[in-house]
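**Student:** Residue numbers (this note's numbering): 3 to 352.
The beta carbon of each residue, even a glycine, is placed where N, CA and C say it ideally should be.
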Amino acid sequence: MTPPSVTRRSTAPQVLARCRDLVRPALVRAVQQLHPWHAEMSAFSLGWCAADGSPVQGSQGKGVRQALTLLAAEAAGAPAEDAVVGAVAVELIHVFSLLHDDIMDGDETRRQRATVWKAYGTGPAILAGDALFALAVRTLADAPGAHSAEAVRHLGAALTDLVHGQAEDLLFEKRPWTGPEAVRPHEYRWMAEHKTGALLGCAAGLGGVLAGAPPATVDALTDAGRHLGVAFQAVDDVLGIWGDPELTGKPVHSDLRRLKKTYPVLAALAADGPAAGRLAALLGTGVPLDDGAARRAADLVEEAGGRAATLAEAHRQLDSARRSLEGVPLAPAALDEILALLPFLVDRTG
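1) Using the Cα positions of W50 and D84, report the straight-line distance between them to the nearest angstrom.
2) I need the DSSP call for P15, collapsed to helix, strand or coil.
3) How close, in whole Å, do the beta carbons of V25 and L347 come, if the pair is a contact with beta carbons under 8 Å?
4) Quick one: Cα of S99 to Cα of I340, how far?
5) Under three-state DSSP, which class holds R280?
6) Helix or strand or just coil, what does DSSP make of T141?
7) Count the other C-beta atoms from every protein chain shown that fall within 10 angstroms of the C-beta of E183, then say buried if there are 16 or more, exposed otherwise.
8) So A201 and H96 are in contact, right, with Cβ under 8 Å, and what is the actual spacing, rounded?
9) Can you tell me which of the three DSSP states P57 falls into?
10) If the criterion is Cβ atoms closer than 9 Å, does the pair W119 and D132 meet it?
11) Is it true that the stretch 72–88 meets the stretch 20–40, where meeting means three or more beta-carbon pairs spaced less than 8 Å apart?
12) List the DSSP bridge partners of A116.
13) I'd like the ranges of any alpha helix (DSSP H) spanning at least 4 consecutive residues and lying wholly in the stretch 288–323.
14) Using the C-alpha atoms, what's the distance from D225 back to K262?
15) Could you compute how far the alpha carbon of S326 sits from the alpha carbon of A14?
16) Is the distance from the Cβ of A75 to the Cβ of A160 below 9 Å?
17) Measuring alpha carbon to alpha carbon, tell me which of G88, L94, G63, S150 ends up nearest R112.
18) Taking M106 as the reference, which of V58, T71, F174, V92 has the closest Cα?
19) What does the Cβ neighbour count give for R20, buried or exposed, with the cut at 16 atoms within 10 Å?
20) Does the beta-carbon distance from A77 to A336 come in below 9 Å?
21) Starting from Q235, trace the alpha helix (DSSP H) both ways and give me its first and last residue.
22) Can you tell me whether K252 is buried or exposed, with buried defined as 16 or more other CB within 10 angstroms of its CB?
23) Buried or exposed for R228, please, with buried defined as at least 16 other CB atoms from any protein chain shown within 10 angstroms of its CB.
24) Sort V220, T351, L271 by Cα distance to L208 and report the nearest one.
25) Which complete beta strand (DSSP E) runs does the stretch 145–191 hold, if anything under 3 residues is left out?
26) Please report how far the alpha carbon of E189 lies from the alpha carbon of T264, in whole angstroms.
27) My guess is that A199 and T351 are in contact by the Cβ rule of under 8 Å, so how many angstroms apart are they, rounded?
28) With burial defined as no fewer than 16 other Cβ atoms inside 10 Å of the residue's Cβ, what is the status of D321: buried or exposed?
29) Compare the beta carbon distance of A89 and A28 with 9 Å and say whether it is the shorter of the two.
30) Can you check DSSP and say which residues form a bridge with C51?
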């Protein structure tokens, strides 16, 4: 493991790369335990192979969740290696959630490649997600040491929250854009805390659990991760409207085209002013937006303050995450690395 004196001044990309390097061998071994077909689909989702199974020079993405698990363990005073099993479990759950989420949302591309359901079929993608879910639980249950049972309980609680959040996200699609039944920004924050924040909170909390940290420390790490999840989702929503397709892997204005209820749109509709009214009229037809309408909608969201409100919310959530982390005793070097990740994740462009 790299000495803390070296990692303390590492940049966020260096921190993420170090954690990916620690987790990758164990993650590969875990995926290889799956049925060969499921292993291939999982490797495809992770960017390790093409749809025909041939290897490619890929990546695991940023690896934010697995990094949080390792850094949280270090912050709680344990070697990062003690939490690798938790990082693997979290990454398996993350891939499972992406496979199922892409099906529910009808997304055909992710990271400039076909999604698993598009490449292999809906049924196979669902089954591969189920296999990853089961493998994640078994990975934690079989972990050596005295903390595996508590780790499984921690993961189970997060999964309950995750599916509750996903249910709300799907139900939002059936609710109107305006009127008493419209989705309000505070409801969206609750959904994001559960859908996205649950797994990031689980990632950080698992590091503490596997390090044998006291409950107050585990709770603080979990709480920080949940706040980070809301911030992460808020930035995702901004990128879903204004992101560069070369970096996001999705078409410009993709969320608006699909009439997806995201934080920038909901914040804009909640604002007073003529731009909010024009936006409501444009979205209220219920017809998917063409190129011109999507551009107009994006301009109206920005004019009504939706983009600024979303970025402000992301920064408020980061401040809350910092307060949670600074409220308990943590190893300074690891805490510095976690804090270094926070602005990097909010200021990202893809």
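**Tutor:** With the structure as the only source:
1) One Cα belongs to W50, the other to D84, and the distance between them is close to 25 Å.
2) Note: P15 maps to helix in three-state DSSP.
3) Actually they are not in contact, since the Cβ atoms of V25 and L347 sit about 18 Å apart, beyond 8 Å.
4) Their backbone Cα atoms lie some 24 Å apart in a straight line.
5) In the structure shown, R280 falls within a helical segment according to DSSP collapsed to helix, strand and coil.
6) For T141, the secondary structure class from DSSP, reduced to helix, strand or coil, is helix.
7) E183 comes out exposed.
8) The sequence given here has Leu at residue 201, not Ala. Correct: roughly 6 Å between the Cβ atoms.
9) Strand.
10) No, these two residues do not count as a Cβ contact at 9 Å.
11) The answer is yes - the stretch 20–40 touches the stretch 72–88, with three or more Cβ pairs under 8 Å.
12) Per DSSP, the beta-bridge partners of A116 are T111.
13) The qualifying runs are 293–305.
14) Taking the straight line joining both Cα atoms gives about 27 Å.
15) Cα to Cα, the separation comes out at about 20 Å.
16) Contact flag unset, no.
17) The shortest Cα separation from R112 among G88, L94, G63, S150 belongs to G63.
18) Cα-wise, what sits closest to M106 is F174.
19) Result: buried.
20) Contact flag set, yes.
21) 217–244 is the extent of the alpha helix (DSSP H) around Q235.
22) Result: buried.
23) The residue is buried, with at least 16 neighbouring Cβ atoms inside 10 Å.
24) Looking at the Cα atoms, V220 is the closest of the given residues.
25) Along the stretch 145–191, the beta strand (DSSP E) does not occur as any fully enclosed run of 3 or more residues.
26) For E189 and T264, the distance between alpha carbons rounds to 11 Å.
27) According to the sequence provided, residue 199 is Gly. The question's Ala does not apply to it. The pair is not a contact, with the Cβ atoms about 22 Å apart (cut-off 8 Å).
28) Looking at its Cβ environment, which holds fewer than 16 other Cβ atoms inside 10 Å, D321 is exposed.
29) Pairing A89 with A28 gives a Cβ-Cβ distance under 9 Å.
30) Looking at the DSSP assignment, C51 forms a beta bridge with P57.
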